[in-house]
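Undergrad:
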Amino acid sequence: MSQLVLETERLILDELKAGRDDLFIFQLLNEPGFLQNIGDREIYDLEAAAGYIENRQGQSYRDNGFGLWRVTSRETGESLGLCGLVRREGLDFPDVGYAFLESAWSRGYAQEAAAATIAHAHDKLGMKTLAAITKPENKASMRVLEKVGFTFQGMIDLPGLDAPSTYFLIEL
């Protein structure tokens, strides 16, 4: 079993596990909404999904003590999305990131998971400031960030991204 990170009223956030989560990651990272709002991670088969889990998220867990966590329903055990903290080149603070299967959109899961991630970052990891970025056209994600307490700072150009991103901060 993966290391439990945290629980909310409706959700469980835990570390991704290669083998168990390969199909979920393959599905999520290839959904039209993910490709449009986040980008193509070149996960075209289950082997690549397992590599993403082990080499990207697993490495982040080992190096930073955090990463993107699997978000599951407490009621059904269904994998709904990802939420967590990311070290991103060009940002001074860890970045709160999230992505959910389109079938889980508009149910408050992103807000609930992001709020829990922020509380965990402060209470357990001792962080004082967090960042978040979105594509300017991703209005739904910007609303989530504002609802959990982030404030818009402006636009930012980051390495590896082909266009400026909206930039948000929250002081904890």
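Number 172 marks the last residue of the sequence shown (my numbering); no jumps. Ideal Cβ positions, reconstructed from N, Cα and C, are used throughout, including at glycine. Bear in mind the structure is a predicted one, so any value in this text is a computation, not a measurement.
What separation, rounded to the nearest whole angstrom, lies between the Cα atoms of Thr-176 and Phe-168?
TA: Here the chain covers residues 1 to 172 and nothing more, so residue 176 does not appear.
Undergrad: Quick check: what's the CA-CA separation for Gly-160 versus Leu-6?
TA: Against the sequence shown, residue 160 aligns to sequence position 160. Against the sequence shown, residue 6 aligns to sequence position 6. Approximately 30 Å, taken between the alpha carbons.
Undergrad: Please classify Gln-181 as buried or exposed, where buried requires at least 16 neighbouring CB atoms within 10 angstroms.
TA: Absent from the structure is residue 181, since the part of the chain shown begins at 1 and ends at 172.
Undergrad: On the premise that Ile-53 lies in contact with Ile-25, defined as a C-beta separation below 8 Å, what is that separation, rounded to the nearest angstrom?
TA: Within the sequence shown, numbered from 1, the residue matching residue 25 stands at position 25. Within the sequence shown, numbered from 1, the residue matching residue 53 stands at position 53. Between Ile-53 and Ile-25 the Cβ distance is about 6 Å, and since that is below 8 Å, they are a contact.
Undergrad: If you measure between the beta carbons of Val-86 and Ala-113, is that distance less than 8 Å?
TA: Taking the sequence shown and counting its residues from 1, the one referred to as residue 86 is at position 86. Taking the sequence shown and counting its residues from 1, the one referred to as residue 113 is at position 113. Going by C-beta atoms, Val-86 is not nearer than 8 Å to Ala-113.
Undergrad: Specify whether the stretch 54-64 and the stretch 132-142 touch according to this definition: at least 3 beta carbon pairs, one from each stretch, less than 8 Å apart.
TA: Judged by Cβ distances under 8 Å, the stretch 54-64 makes no contact with the stretch 132-142, as fewer than three pairs qualify.
Undergrad: Specify the secondary structure class of Ser-165 as computed by DSSP and reduced to three states.
TA: Here residue 165 refers to the residue found at position 165 when the sequence shown is read from its first residue. Ser-165 falls in the strand class under three-state DSSP.
Undergrad: What residue from Asp-40, Gly-33, Arg-10, Leu-82 has the CA that sits closest to Lys-17's CA?
TA: To locate residue 17, count along the sequence shown from 1; it is residue 17. It is Leu-82 whose Cα lies nearest to the Cα of Lys-17.
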